Amino acid sequence: MIKDGTKEKQLARLLVSGPPLLFLIVFFVAPSLIMILTSFRFPGEFGGLAPVTPPSDKAIGEYGFTSDAYQFFFSDFIYTEIFLKSFAVAFGTTLICLILAYPLAVLIARSRKHLRNLMVLLVILPFASNFLIRIYAWMIILGPESALSHFLNTVLGAFGIAPVTLLFSPFAVLVGMVYVHLPFMVLPLYTNLEKHDLSLLDAAQDLGANAWQRFWRVTWPLSLPGVFSGSALVFIPVLGMFAVPDILGGTGDILIGNLIKDQFLGTRDWPFGSALSIMLTMAVLSIAGLTTWFARSATGQRAI
Amino acid sequence: MKRGNLWLWSAAVLVYAFLYIPLIIVVLYSFNDSRLNAEWVGFTLFWYKALFNNTEMLLAARNSLVIALCASFCATLLGTMSGLAIHRYKLKVLPVLVFTPVAMPEILLGVSILLFFLQVLNFTLGMVSIIIAHTTFCIGFVAIIVRARLQGMDESIFEAARDLGASPWQTFRLVTLPLIMPAVVAGALMSFTLSIDDFVITFFTKGVGEPILPIQIYTMIKVAVTPEVNAISTLLMLLTLVMIIIAARLESNGSSEGNAKPHTAE
Amino acid sequence: MNSPRLLSFLLVSLLTFSAGCTPQDPDAANSGKNVLHLFNWNNYIAPETVARFEKSCKCDLAQDYYADNEEMLAKLAAGATGYDVIVPTGNALDTLIRQGVLSPLDKSLLPNFRNINPAYLDTAFDPGNIYSVPYAYTLSLLGFNKEKIEQLGLPTDSWAIIFEPRYLEKIRGRVTVLDSQRELMAAALKYLGYSANDTDEKHWQEAAGLIVRAKPYWAAFSNTSYIKELAVGNLWVAHGYSNDMFQAALDAQKTGRKFTISYSTPKEGAVLAVDSMVLHKNGKRPDLAHQFINFMLDGKNSAELTNLIGSGNPNLDALQYIQPEIASNKAIFPDLELIARLEMLRDLDRKQRRLLSRLWTEIKLR
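Chains as they are written, first to last, in our numbering: chain B, 1 to 304; chain V, 305 to 570; chain F, 571 to 936.
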């Protein structure tokens with residue numbers, strides 16, 4: 001409303017939003033566009049990419065743009081299978097994280113303020129340690145020489161079941177994924193649960209609802225937005241993760257992240273690697289979109 | 305309600321145990337006088353000594369520190385600006401660009417920046433490429449923290465400053481900045497921690513010949529696991545512990561009693 | 571309270587920014603000094619050799635390492651520059667020559683070139699050795715816990731022991747194979763009677779089928795951990811490299827194990843991996859590079875690596891310096907008859923690479 005300040009205000013707006021915008025356009029948008037472009041190229045005969053136009057002398061192989069990489073993806077079900085496997089692992093991880101995180105989040109939300117801060121800090125702290133360390137810890141616990149393995153195999157031996165290896169197995173991958181992502185589920189849940197009006201629960205109790213009914217018909221529906229944001233925060237990173245299967249998994253435990261990594265740092269098939277990355281991005285965007293849609297429709301049914 | 309509470313408490317304790325026991329084991333075995341991480345043999349500082357004699361590891365630590373300082377500096381600067389801009393102005397593009405790198409799987413950012421540097425810029429990968437990549441995803445974290453802080457503040461302060469005739473720059477320098485300072489510092493510390501710990505993006509954007517700490521650890525884990533890994537893990541945990549506690553302290557000190565929620569990166 | 575803290579933080583980071591954020595140009599740090607940049611495998615040169623070279627040329631040898639050819643090629647493709655000498659294996663050398671990134675060698679600066687055994691010269695991808703000089707070689711073969719396998723009455727001269735279920739039954743969970751697309755496929759192809767460089771898709775499918783059938787009996791795909799596992803007695807058969815088997819045998823002996831590790835080349839043939847020294851055209855010191863190559867072509871220097879890790883040595887002059895147990899070991903120094911059964915891997919073109927990658931994914935997943 002102050003006319004003479006408008007120019008200054010516009011300048012201020014430019015100065016504040018400009019630099020980050022510029023930086024992100026150059027180092028985030030442009031690389032993403034390049035990746036899309038690369039997925040439509042041919043791989044170079046001996047690595048890298050084939051040029052867009054053939055060189056003047058001889059033309060070995062093909063040049064220009066192509067949907068070769070995508071065709072290659074669909075040429076064998078195995079790649080779709082790996083995608084589906086990754087979805088399954090992500091879903092399983094999210095579910096387990098939800099089950100483990102929910103009671104903790106409820107407890108934190110219902111505690112007194114000082115205790116609450118401490119408890120939240122205690123949840124964040126493991127997250128603060130290096131990601132590789134958290135995976136490595138499970139290498140120790142699940143290793144064939146560890147106490148847990150010995151104990152388990154003794155028990156199984158008593159039942160006449162052959163010894164199992166815990167490490168380098170799908171089980172180890174799942175445990176690793178859950179361990180790394182658990183804090184991401186706790187925090188949004190707790191943030192949401194904290195806002196609940198506890199008098200609703202009292203009212204429900206007065207109306208004769210038992211503990212389960214109170215949870216299922218009051219707490220749970222109200223917590224759905226938190227459930228959805230927490231699930232998205234777990235599901236999406238797990239989809240793209242390669243370090244956990246790489247370190248804790250066996251030879252058959254490759255997920256989409258491992259496949260992408262191999263294309264860039266092993267097979268030197270950049271177009272295929274980019275195509276896989278684009279498909280992963282599409283998957284992630286759909287999940288994010290679905291989550292937002294579910295969250296919106298879920299809050300529409302809020303119990304009042 | 306009491307029985308329910310007991311059930312909740314035991315579930316919570318189990319989850320905390322699940323979270324902490326693996327890390328405690330890592331720390332414990334760093335003092336173990338045995339090459340295998342299997343059973344306790346005796347107390348020793350041998351692995352820490354071996355660590356300090358490992359020149360490659362020390363170089364990696366130095367490189368990681370430099371990268372983290374540079375990246376957190378840039379990210380804090382750009383992230384604070386983003387947080388301010390998103391809160392203050394009705395922007396459509398910037399929020400998407402700032403928050404997407406945070407939400408996307410890291411591998412996508414790592415791979416796309418790798419391609420960008422190699423193909424478009426023809427730029428040799430090295431420390432600079434890592435710093436740029438780290439900055440890109442840290443901006444979002446800082447922006448989230450700063451914006452959350454701004455959202456919890458009373459807008460009337462800024463209006464009062466404007467009514468008193470302060471220019472936007474003066475308002476920022478004398479009113480806004482001091483008020484958001486705890487969030488800015490928390491964001492800086494968060495970026496620093498994220499950068500030091502980052503594995504996936506560093507994996508793709510690093511060059512040859514310069515060891516970086518998480519990559520060193522990864523190589524050790526894959527090739528020859530010794531309790532040296534435990535030792536470096538323990539030291540790193542200590543470092544990030546200190547950082548997080550400082551950040552948390554600043555947050556709760558700086559905020560008014562109404563909104564004492566610790567701001568976390570999500 | 572906050573301003574001084576922020577100020578000091580900014581100051582510190584600014585200082586570090588200016589000090590540490592400049593791109594690490596390897597030459598800038600060493601400007602004025604003589605430095606040779608070597609890009610080599612892990613553990614592929616004896617420390618004494620390095621020291622002696624540095625003294626003789628009055629220069630510094632700066633080394634960078636890689637663990638496999640793909641890693642080296644990927645890093646070079648990622649723009650890693652400034653290396654003078656690289657030590658690629660045959661198929662990677664194939665790629666580098668075709669990519670045109672190597673400088674021809676000046677043979678007049680390499681008088682020791684005559685020391686090389688002609689059997690290792692004039693390869694299909696570098697006829698006349700314009701770009702490369704052999705450095706060391708390994709064979710990919712099978713290592714055994716000798717006593718255990720004898721006890722079980724299993725053949726030790728054929729790939730059948732890792733591919734045939736009737737043998738695998740007896741050693742289930744005690745076998746590992748190399749985690750390498752090319753190597754494992756080559757072993758399967760050789761066992762089936764084809765060339766290791768066969769690119770017929772039908773033959774590849776056959777080999778893949780063989781591998782998938784045998785996979786349930788294998789403990790793991792392993793590139794390095796098998797050395798320890800063999801030496802400790804957890805593994806009884808391992809598909810691996812000759813110099814690693816040498817190491818395992820030595821380890822088992824040193825720790826006083828009741829068994830010995832033996833290794834031999836299967837009768838169907840195997841892969842010969844010859845690592846050669848080449849000059850990268852982006853290297854800054856070709857003069858030092860030639861000095862280094864000539865130095866390593868001297869018998870005494872070349873022998874040090876062989877004595878250290880048990881790698882094969884194509885240098886005839888080196889034989890006199892090599893420990894007799896190593897020199898007489900046919901798996902490390904194959905005679906002519908065995909050399910005829912060995913093959914060097916050629917690089918694949920992009921269509922073949924994609925096909926192999928897909929087959930490998932299926933092998934891993936099924």
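Every residue gets a Cβ at the ideal spot worked out from N, C-alpha and C, and that includes glycine.
Just so we're clear, the structure is a prediction, and the values are computed from it rather than from any experiment.
With a threshold of 7 Å between beta carbons, I434 of chain V makes no contact with chain B. One finds G47, F264, L265, G266 and R268 in chain B with Cβ atoms closer than 9 Å to the Cβ of A644 of chain F, taken in chain order.
Nearest in C-alpha terms to A888 of chain F, of all of F:A901, F:L867, F:A910 and F:N899, is F:L867. In this model, F235 of chain B and L95 of chain B are separated by some 9 Å (Cα to Cα).
About 43 Å separates the beta carbon of I461 of chain V from that of I516 of chain V, a gap too long to meet the 8 Å contact definition. When secondary structure is reduced to three states using DSSP, S129 of chain B falls in the coil class, being assigned neither helix nor strand.
For V671 of chain F, there is no enclosing beta strand (DSSP E), as DSSP marks it with neither H nor E. What T439 of chain V touches in chain F, judged by beta-carbon distance under 9 Å, is nothing: the nearest beta carbon there is about 11 Å away. Going by C-alpha positions, F184 of chain B is about 53 Å away from S673 of chain F. In the DSSP assignment, the residues bridged to E913 of chain F are F:V841. For A137 of chain B against V330 of chain V, the beta-carbon gap comes to about 5 Å, under 8 Å, which counts as contact.
Where G713 of chain F is concerned, the enclosing beta strand (DSSP E) starts and stops at S702 to N715. In this structure, the CA atom of P836 of chain F is about 16 Å from the CA atom of L738 of chain F. L248 of chain B places its beta carbon less than 7 Å from that of V173 of chain B. Between G383 of chain V and V446 of chain V the beta-carbon gap is near 3 Å, inside 8 Å, which marks them as a contact. If you check each beta-carbon in the stretch 894-927 of chain F against every beta-carbon of chain B, the ones closer than 9 Å belong to D917, D919, R920, K921, R923, R924, L926 and S927. In terms of beta-carbon proximity, R217 of chain B stays away from the interface with chain V, with every pair separated by 7 Å or more.
Counted as a single uninterrupted DSSP element, the alpha helix (DSSP H) harbouring I436 of chain V occupies residues M431 to Q455. When the five nearest sequence neighbours on each side are left out, the beta carbons in the same chain lying within less than 8 Å of the beta carbon of G853 of chain F are those of H607, G652, Y653, D654, V655, S673 and A859, in order along the chain. Short of 7 Å from the beta carbon of G92 of chain B, and not among the five residues preceding or following it, lie these beta carbons of its own chain, in chain order: L174. According to the DSSP secondary-structure assignment, I831 of chain F is paired through a beta bridge with F:N715. T794 of chain F reaches chain V at V527, counting residues in chain order whose Cβ is nearer than 7 Å.
Residue ranges of uninterrupted beta strand (DSSP E) with 3 or more members, entirely inside the stretch 731-781 of chain F and ordered along the chain, are 745-747. Non-local beta-carbon contacts of S223 of chain B in its own chain, meaning distances under 7 Å to residues more than five positions away in sequence, involve L189, N192 and L193 in chain order. Using a Cβ-Cβ distance cut-off of 8 Å, the stretch 728-736 of chain F and the stretch 760-777 of chain F are in contact, since at least three pairs of beta carbons, one from each stretch, lie closer than that value.
The bridge partners DSSP lists for N885 of chain F are F:I686. G346 of chain V has its alpha-carbon roughly 21 Å from the corresponding atom of M139 of chain B. Contact between Q817 of chain F and G880 of chain F holds: CB atoms are separated by about 7 Å, below the 8 Å threshold.
The contact set of A757 of chain F on chain B, defined by CB atoms closer than 8 Å, is empty, because the minimum CB distance reaches about 16 Å. Within chain B, N130, L132, I133 and Y136 have C-beta atoms less than 9 Å from the C-beta of I521 of chain V, given in sequence order.
With distances taken between CA atoms, L540 of chain V lies nearest to V:M361 out of V:E514, V:Q474, V:M361 and V:M431.
Within the stretch 816-830 of chain F, no residue places its CB atom closer than 9 Å to a CB of chain V.
The C-beta distance from Y833 of chain F to A910 of chain F rounds to 19 Å, too long to fall under 8 Å, and the pair is not in contact. The stretch 28-48 of chain B makes contact with the stretch 266-283 of chain B, as at least three CB pairs between them are under 8 Å. I667 of chain F has its alpha-carbon roughly 10 Å from the corresponding atom of I700 of chain F.
Residue state for S846 of chain F is assigned as strand, using DSSP reduced to three classes.
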